[in-house]
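J.: Last residue of the sequence shown: 583 (the numbering used here), numbering continuous. Sharing a structure below in structure tokens format, with a few things to ask.
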Amino acid sequence: MTEAPMTAEPAPVVRGTTLGDAETFAGLIGPGRLIGIDAGTKTIGLALSDVTRTIGSALETIRRTKFSVDAVRLLELAREHAVAGFVLGFPVNLDGTEGPRAQGTRAFARNVNALCPLPILLWDERLTTSEAERMLIAADASRKRRGEVIDKLAATLILQGALDRMRRFSE
């Protein structure tokens with residue numbers, strides 16, 4: 413996975429902002445874990461990094477209702493796990509352009525930023541759900557089981573991609 417493209421001029425970076433650059437994000441966040449987010453239309457898959465930000469693990473799937481209700485659960489988990497920031501899967505098209513889903517994801521990020529000072533990294537999520545599906549099929553997971561875990565596995569792949577990229581900045 414790669415960083416999501418940024419189309420606007422770089423602005424001064426403040427906490428509670430949404431970024432498309434992993435290096436800037438890595439320099440902005442303090443100590444703590446990261447939560448990876450795969451925000452779909454019906455569910456929000458979540459993954460959590462370890463304290464050293466080396467490995468991402470599946471955390472939870474939130475069934476979407478209203479944004480305010482979903483955000484309460486997301487922010488509860490962020491507090492519970494001493495989270496320093498979020499890595500939000502950014503659904504760009506295969507050709508790199510942004511469609512309606514990308515705009516919806518930007519709106520989700522803006523709404524989270526309005527409630528929480530933690531920064532958000534937009535991370536290109538192209539093909540992560542397909543990769544998660546292939547992994548679950550290879551593991552011989554039933555269709556029912558795949559439906560239960562696919563979103564948090566996709567969130568784990570999103571988070572792991574960002575963790576791997578950020579680790580290069582500290583080496």
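The beta carbon of each residue, even a glycine, is placed where N, CA and C say it ideally should be.
Starting from the C-beta of G497, find all residues in its chain whose C-beta is less than 6 Å away, skip the five residues before and the five after it, and write them out in chain order.
T.: Locating residue 497 in the sequence shown gives position 85, where the first residue counts as 1. Result list for G497: I441, L446, L530 and P531, in chain order.
J.: Let me confirm a value: S461 is counted as buried when at least 16 other C-beta atoms fall within 10 Å, else exposed. Which label applies?
T.: As a working note, residue 461 is residue 49 in the sequence shown. Buried.
J.: Verify the CB distance criterion: does T429 have a CB-CB separation below 8 Å to chain B?
T.: Absent here is chain B; the protein component of the structure consists of one chain.
J.: Indicate whether T455 and R475 have their beta-carbon atoms separated by less than 8 Å.
T.: Position 43 of the sequence shown, counting from 1, holds the residue named residue 455. Position 63 of the sequence shown, counting from 1, holds the residue named residue 475. In this structure, R475 lies closer than 8 Å to T455 by Cβ.
J.: Indicate the three-state DSSP secondary structure (helix, strand or coil) for D433 in the structure shown.
T.: Taking the sequence shown and counting its residues from 1, one reaches residue 433 at position 21. Reduced to three states, the DSSP call for D433 is coil.
J.: Go to L471, then tell me how far its beta strand (DSSP E) extends in each direction, as first and last residue.
T.: Numbered from its first residue, the sequence shown carries residue 471 at position 59. That run of the beta strand (DSSP E) goes G468 to R475.
J.: Rounded C-beta distance between A470 and K564? I'm assuming under 8 Å.
T.: Here the question's residue 470 lines up with position 58 in the sequence shown. Here the question's residue 564 lines up with position 152 in the sequence shown. Confirmed, Cβ separation roughly 4 Å.
J.: Less than 6 Å between C-beta atoms, sequence neighbours within five positions excluded: which residues of the same chain meet that for M578?
T.: Here the question's residue 578 lines up with position 166 in the sequence shown. Contacts found: A434 and A438.
J.: Would you call the CB atoms of L500 and I449 closer than 8 Å?
T.: Counting from one through the sequence shown, the residue named residue 500 turns up at place 88. Counting from one through the sequence shown, the residue named residue 449 turns up at place 37. It is a contact, given that the beta carbons lie within the stated cut-off.
J.: Within 10 angstroms of its Cβ, does I570 collect 16 or more other Cβ (buried), or is it exposed?
T.: For this step, residue 570 is matched to residue 158 along the sequence shown. Per the 10 Å Cβ criterion, buried.
J.: For the beta strand (DSSP E) holding G501, just list the boundary residues, first then last.
T.: Along the sequence shown, one-based indexing puts residue 501 at 89. V495 to F502 is the span of the beta strand (DSSP E), which, as asked, contains G501.
J.: Which of the three DSSP states is assigned to G444 in this structure?
T.: The residue you call residue 444 lines up with position 32 of the sequence shown. Residue state, collapsed to three classes: coil.
J.: In this structure, does DSSP put D507 in helix, strand or coil?
T.: If you number the sequence shown from 1, residue 507 lands on position 95. In the structure shown, D507 sits in coil (DSSP, three-state: anything other than H, G, I, E or B).
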